[in-house]
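For what it's worth, the UniProt record's numbering labels the leading residue of the sequence shown as 1, then goes sequentially.
Note that CB positions come from ideal geometry on N, CA and C, so glycine has one too.
All of these numbers come straight from a predicted model, not from anything done at the bench.
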Amino acid sequence: MKKKPVLGITMGDPAGCGPELTIKALENKNIYEICNPIVVGDINMMEDAIRVVRAKDITLHKIADVKEAKFQYGVIDVYHLDLVDMSKHEYGKVSVMAGEAAFQCVKTVIELAMEKKIDVTVTNALNKEAINLAGHHYSGHTEIYAALTGTSNYSMMLAHDDLRVVHVSTHVSLREACDRVKKQRVYDVIKLAHDACKSLGIENPKVGVAGLNPHSGENGIFGTEEKNEIEPAIKMAQEEGLNVDGPVPPDTIFSKAQGGWYDIVVAMYHDQGHIPLKVVGFVYDKKAKKWASISGINVTLGLPIIRSSVDHGTAFEYAGQGHANEISLLNAIEYGVQLAINKK
């Protein structure tokens, strides 16, 4: 690629692990070989993150415009937003200040992308309680992006290596999630899943659709959502020439996807999709009593801009200690670059 994509990386909740993970990730020289990263956040907070991870060879470059960025390894460009009073800052604590800071970083990175000043947005974790305390009533990044870009048809995709999952619903109660399994929504998500795979360079995506009920309803014995809503949606997509299979029992579809049967799985609700992804991506070493790996990414589909994200929370219990694992952020950066290249 002649021109490397410009990435805007939010620092996330300043009380969490986002700032230190960002420094750790950008200590990798190969990141600068594939993209031009900018951190959107508070430069004072990022200075403290350098202290936390003991990154002696990293310096910060404060900018107020993307055009001012150096894009030079060893010098991290920080699009400075005056958000954090370091005299009041505490790691691992929910606060209005931290919630407001996290929200403003997301808002700014979206604006930069919508104005085409950056090619990709990459988000570190925020704390939902904190942003709500700050007066921003969203259930997560996905909903913020949808609202600020004016997007009505969207979905969350999680990925770990070749295992990909997209969701019919996410941050709602399980009772409400069942009510949201409707033909049109299932069809729309199948289309989003298909298009996402195409954007990743998969020529003829194989989409597996999970059932909602045990055994996919067993022909109506355990529930009728499959017969009344999911099967008609699959038929609609198949009639358009999409390679779609299902509804497949939820307890086997992810093993099949791992074995190469499907390029992506349409899950009916949050935990149905999240649990298998995190089982393979989050590995805890019980002997060492620490996380050996926290990998995988989160992409919001259907947006007019590219958004890729870490697939973990703020890790308040580890924040400020320098132990947090940056693999998921590296994955998110690499995925965002891939999406930008294929888009071009």
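*Give a yes or no on whether the C-beta atoms belonging to leucine 81 and glutamate 100 are separated by under 8 Å.*
no
*Which two residues bound the contiguous beta strand (DSSP E) that contains leucine 212?*
Note, leucine 212: premise wrong, no beta strand (DSSP E); not H, not E.
*With DSSP collapsed to three states, give me the class of leucine 148.*
helix
*When the Cα of alanine 134 is compared with those of Ser95, Thr149, His171, Val337, which residue comes out closest?*
Ser95
*Are the segment 137 to 150 and the segment 100 to 116 touching by the rule of at least three beta carbon pairs closer than 8 Å?*
yes
*From asparagine 228 to asparagine 213, what distance separates their C-alpha atoms?*
13 Å
*Give the range of the beta strand (DSSP E) segment to which threonine 121 is assigned.*
120 to 123
_Under the three-state DSSP convention, the category asparagine 243 falls into_ = strand
*asked:* Just to confirm my understanding: we take glutamine 258, look at its own chain, exclude 5 residues before and 5 after, and list those with CB closer than 7 Å. What are they?
replied: Leu163
*asked:* Quick check on DSSP: helix, strand or coil for arginine 175?
replied: helix
*Please classify lysine 279: is it buried, with 16 or more other beta-carbons within 10 angstroms of its beta-carbon, or exposed?*
The amino acid occupying residue 279 in the given sequence is valine; lysine does not appear at that position. It is exposed - the Cβ of valine 279 has fewer than 16 other Cβ atoms within 10 Å.
*Rounded to whole angstroms, what's the CA-CA distance from valine 6 to isoleucine 131? Just pull it up for me.*
27 Å
*Where tyrosine 138 and lysine 107 are concerned, what is the direct C-alpha to C-alpha distance, given to the nearest angstrom?*
13 Å
*Say whether the segment 307 to 318 touches the segment 185 to 199, bearing in mind that this needs 3 or more beta-carbon pairs closer than 8 Å, one atom from each stretch.*
no
*glycine 41 and alanine 319: beta carbons closer than 8 Å?*
no
*Taking DSSP as the reference, what is the three-state secondary structure of leucine 303?*
coil
*Determine, using beta carbons only, whether valine 78 and lysine 62 come nearer to each other than 8 Å.*
yes
*How many Å lie between asparagine 124 and isoleucine 264 at the Cα?*
24 Å
_The beta strand (DSSP E) enclosing asparagine 36, as first and last residue numbers_ = 36 to 41
*leucine 192 beta carbon less than 8 Å from that of valine 166*: yes
*asked:* Please report the distance separating the alpha-carbon of valine 168 from that of lysine 183.
replied: 10 Å
*Contact check, alanine 332 vs isoleucine 275, beta carbons under 8 Å*: no
_Can you find the residues in the same chain that come closer than 7 Å, C-beta to C-beta, to isoleucine 43, ignoring five residues on each side of it along the sequence?_
Leu60, Lys62, Val78, His80
*Can you grab the Cα-Cα spacing for the pair valine 266 / leucine 301, in whole Å?*
13 Å
*asked:* For lysine 93, tell me which candidate among Asp245, Ala315, His160, Leu329 has the shortest Cα-Cα distance.
replied: Ala315
_C-beta contact flag for isoleucine 294 and leucine 242 at 8 Å_ = no
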